[in-house]
Amino acid sequence: MNDAIHIERLHYRAGKNFAIKELDLHVPTGAIYGFLGPNGSGKTTTIRLILGLLRPLSGRITVLGLPMPEQHARILGQIGYVPEQPHLDTTLTVRELIDFQAAFYPRWDRARAAELIKRFELDGEHLFGRLSKGQKAKLMILLALSQCGDLLVLDEPTDGLDPVVRRDILSALITYVSERGATIFISSHLVHELERVCDWIAVMDDGRLITEAPMEKLKHGTKRLVVMGAPAEIVNPPFRVLTRESANGGGAGENWVVGDWEPGMTSYFEGVGASVREVIDLDLEEGFVELLRSFREGRSRR
Amino acid sequence: MRAMFRAVLHSQWKWSRLIVVLGTVAAFAIPLLSLQGAARADRGALQAPELLRAVQSWGTLYPLLATALGLLMAIAAWAPDHRGRHIHALTLPLARWRYVLLRFGAGFVLLAAPIAGVLIGSSLAVLAATLPPGLQAYPIALAMRFAFAVSVAYAVFFAVSAGTARTAGIILAVIAALILVQVVASMANLNLDLFGAAQTALLLGPGPLAVFAGRWMLVDV
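Just so you know, the protein sequences line up as chains P and B, in that order. In terms of this note's numbering, the first sequence has 2 at position 2, counting the first letter as 1, and numbering is strictly consecutive. Basically this note's numbering = 1-based index in the second sequence + 1000.
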């Protein structure tokens, strides 16, 4: 097993309107894995399933080689978790929270905790409830990193924070990964942020995984093409057609957004009597939006 | 496990120290007050009924204090976890029953202070008083009964407080249904006394809450 997280055919239902269906996810060991999706797409639910906070209806979850939720206590000892909302006791001070957490984790790194307190400029005597949003986020990162886990699960850890705090947190995460070779599973809807740090990306919408790929493949494989003279039906293209629409009323050809694109694939169009006038690079955010659009159009057609 | 217990105990102490301190002061003061003035050296055997009445009236405060302490300590034990929607507790690397046991045990340890308060207060009150002939003091028995009552109250409220809003709703719905049935039975002139039956089952020996019923006497014949 080479995956830090391995999910197979996971099914979960929450109420009448939301379900995670047939979810397959593979987070390679040592990867910084970005989990993208709009609000309400199922990211937090998936994370809670990974942590054993929820029980799936069917399917299999393996975390660090152990089955979840059967081995939740052993697995959680190796996971640093930062939830979407601050979840710690507001009446305890920073120091008390650190001491509390240290008691539960045998691999707790006091030196790292002390170093991060300094680096994040946290006051040990301040009550958690009186910290600013940025300080709370920093403390939760500090607790997650000092546990010395092999896997960090971060649920929108920098959402709503100012750029300075975001940079501090991301920098601490990168330092940790480079020192320990840990795996990071980080969910966010801040595409640019994930683009900077992740080497794998998964996109989720409406409880389903739309795509899962190495960052380079996703970034460099998603293109906007300006295609002239394309037939209405195309057969077995070597790339994925995400969207296809007329450009400027049709006279200037068509705009296609494609995935899994590789240089040299323009020859496919020549074979079907069309031509590619332009190949435009998309950044991750544009690619993400097009993926969502394609997925939602496909779903509404069904 | 010891380090975990210390951590849980410290956090629980921080949330409930006011309850513990006030409860301990009250537990210490009640036995002293119950014998104050009623057990002076110049009183004779004729004052024994007066003393017993005073002790008995003060005695009603022990089960009330035990219930209040059990309730407040149980609420305090779970309040921060409820506020954080239990996410922190559920992501700690230990079996959930162990975590519940740690919280439960920490509450028990903290409740030792008011129990000790009753024992010390009772012992001092008895030492300071001159009892009329024929009367005996029972400070240890009173403290043990208080310990048992506070433990029962804490255990019951801890279990209820650990539940979700749904559990609380079910309990309230059952109570409401009982009231409704009783009201309907009274209107229909049926010979049905649900609350009397419940009281008998719960409060009379060997009912689970029997420890709260009856006389709580520091001094008796």
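A virtual CB, placed ideally from N, CA and C, is assigned to each residue, including glycine. Small disclaimer: the values here were computed from a predicted structure and weren't measured.
A straight line joining the alpha-carbon of residue 1082/B with that of residue 1005/B spans about 20 Å. Taking CB atoms only, residue 46/P has no neighbour in chain B less than 8 Å away. If you draw a straight line from the Cα of residue 1188/B to the Cα of residue 1052/B, it comes to about 44 Å. Interface annotation for the stretch 1159-1180 of chain B against chain P: empty, criterion Cβ-Cβ distance under 8 Å. Rounded to whole angstroms, the gap between the alpha carbons of residue 294/P and residue 56/P is 28 Å.
With a cutoff of 8 Å on beta-carbon distance, residue 1151/B and residue 1139/B are scored as not near each other. Comparing alpha carbon positions, the residue from 6/P, 47/P and 10/P closest to residue 29/P is 6/P.
About 7 Å separates the beta carbon of residue 136/P from that of residue 128/P, a gap short enough to meet the 8 Å contact definition.
In the three-state DSSP reduction, residue 235/P falls in the coil class, being neither helix nor strand. Residues of chain B with a Cβ closer than 8 Å to the Cβ of residue 91/P are, in chain order, 1014, 1015 and 1080.
Among the residues of chain B, those whose CB is under 9 Å from the CB of residue 104/P are 1003, 1004, 1007, 1092, 1093 and 1094, following chain order. When 1084/B, 1120/B and 1076/B are compared, the shortest CA-CA separation from residue 1161/B is found for 1076/B. Shown here, residue 1081/B sits in a helix according to DSSP, grouped into three states. Exclusion of the five residues before and after residue 1047/B leaves 1132 as the residues of its chain whose Cβ lies within less than 7 Å of its Cβ. In the DSSP annotation of this structure, the continuous segment of the beta strand (DSSP E) that includes residue 187/P starts and ends at 183-188.
Checking the DSSP bridge columns, you'll see residue 225/P partnered with 256/P and 279/P. Secondary structure of residue 204/P (DSSP, three-state): strand. The criterion of a C-beta distance shorter than 8 Å is not satisfied by residue 39/P and residue 220/P.
For residue 88/P, the C-beta contacts it makes with chain B under 8 Å involve 1084 and 1088, in order along the chain. The CB of residue 12/P never comes closer than 9 Å to any CB in chain B; the least such distance is about 16 Å. Beta bridge pairing from DSSP links residue 62/P with 6/P and 67/P. For the stretch 51-84 of chain P, the beta-carbon criterion of a distance under 7 Å to any beta-carbon of chain B is satisfied by 51, 53, 73, 76, 77, 81 and 83. Annotated as distal: residue 197/P and residue 61/P, with beta-carbon spacing of 8 Å or more. Between the C-alpha atoms of residue 1028/B and residue 1154/B there is a straight-line separation of about 19 Å. Apart from the 5 residues on each side of it in sequence, residue 1104/B sits with its Cβ closer than 7 Å to the Cβ of 1158 in its chain, given in chain order.
Contact between the stretch 278-285 of chain P and the stretch 221-230 of chain P is present, with at least three C-beta pairs closer than 8 Å. From the beta-carbon of residue 1011/B, the residues of chain P found nearer than 8 Å are 89, 92, 96 and 100. When secondary structure is reduced to three states using DSSP, residue 1126/B falls in the helix class. When C-alpha distances from residue 76/P are compared across 92/P, 91/P, 168/P and 101/P, the shortest belongs to 101/P. Boundaries of the alpha helix (DSSP H) harbouring residue 1198/B: 1194-1203, taken from the DSSP string.
DSSP places residue 16/P outside both helix and strand once states are collapsed to three, so it counts as coil. In this structure, residue 1218/B lies away from residue 1057/B, with their beta-carbon atoms at least 8 Å apart. One thing to note: residue 1110/B has its Cβ no nearer than 8 Å to the Cβ of residue 1144/B. In this structure, residue 124/P and residue 94/P form a Cβ contact; the two beta carbons are roughly 5 Å apart against a cut-off of 8 Å. In this chain, residue 1163/B is not harboured by any alpha helix (DSSP H), its DSSP state being neither H nor E. The beta-carbon distance between residue 292/P and residue 205/P, rounded to whole angstroms, is 6 Å. This is short enough to meet the 8 Å contact definition.
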